[in-house]
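Numbering (the UniProt record's numbering), first residue to last: 1 to 103. Note that beta-carbon positions come from the ideal geometry of N, C-alpha and C, so glycine has one too. Every value quoted in this text rests on a predicted model; they were computed, and no experiment measured them. One structure below.
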Amino acid sequence: MSACTSCGACCASFRVDFSVYETQSEGGSVPDGLWVPVTDGISRMRGTDHGRPRCAALYGPVGQKATCGIYEWRPSPCREFEEGSDACTSARRRHGLEPLPSH
Numbered sequence: 001m002s003a004c005t006s007c008g009a010c011c012a013s014f015r016v017d018f019s020v021y022e023t024q025s026e027g028g029s030v031p032d033g034l035w036v037p038v039t040d041g042i043s044r045m046r047g048t049d050h051g052r053p054r055c056a057a058l059y060g061p062v063g064q065k066a067t068c069g070i071y072e073w074r075p076s077p078c079r080e081f082e083e084g085s086d087a088c089t090s091a092r093r094r095h096g097l098e099p100l101p102s103h
């Protein structure tokens, strides 16, 4: 398992907004109950808009054995997030973790 699928720092650092068409109720794959409406066209992963964000689909301690409970059904911002990117480094530092080697 790569650090990217066991770290979880990104899942506990950023707001995750995506199209309502990615939600289960609109024909997409993001399970209903794990997102909240933002506008008529935008949804947000539940928990990511808190002062200390933590996605409702994240299980386990960040940086140790964190896993995404909906990995195969996660929204596009999560699919597009790059291991070792500047955003990854920022998220890892926020949680006291060393940066990953960039690709």
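- Within the chosen definition, does the segment 67-82 reach the segment 26-46 through at least 3 CB pairs nearer than 8 Å? Yes: the two stretches touch, three or more of their Cβ pairs being nearer than 8 Å.
- Message: Please classify residue 136 as buried or exposed, where buried requires at least 16 neighbouring CB atoms within 10 angstroms.
- Response: Limits of the chain in this structure are 1 at one end and 103 at the other, which puts residue 136 out of reach.
- Message: Can you find the residues in the same chain that come closer than 7 Å, C-beta to C-beta, to C78, ignoring five residues on each side of it along the sequence?
- Response: V16
- Message: Rounded to whole angstroms, what is the Cα-Cα separation between T39 and C68?
- Response: Looking at the two C-alpha atoms, the distance is approximately 25 Å.
- Message: Going by DSSP in three states, residue 105 sits in which element: helix, strand or coil?
- Response: Nothing in the structure corresponds to residue 105, since the chain is present only between 1 and 103.
- Query: R92: which of I70, A66 and E80 sits nearest, CA to CA?
  - Reply: Ranking I70, A66 and E80 by Cα distance to R92 puts A66 first.
- Buried/exposed call for P53, threshold 16 Cβ in 10 Å: buried
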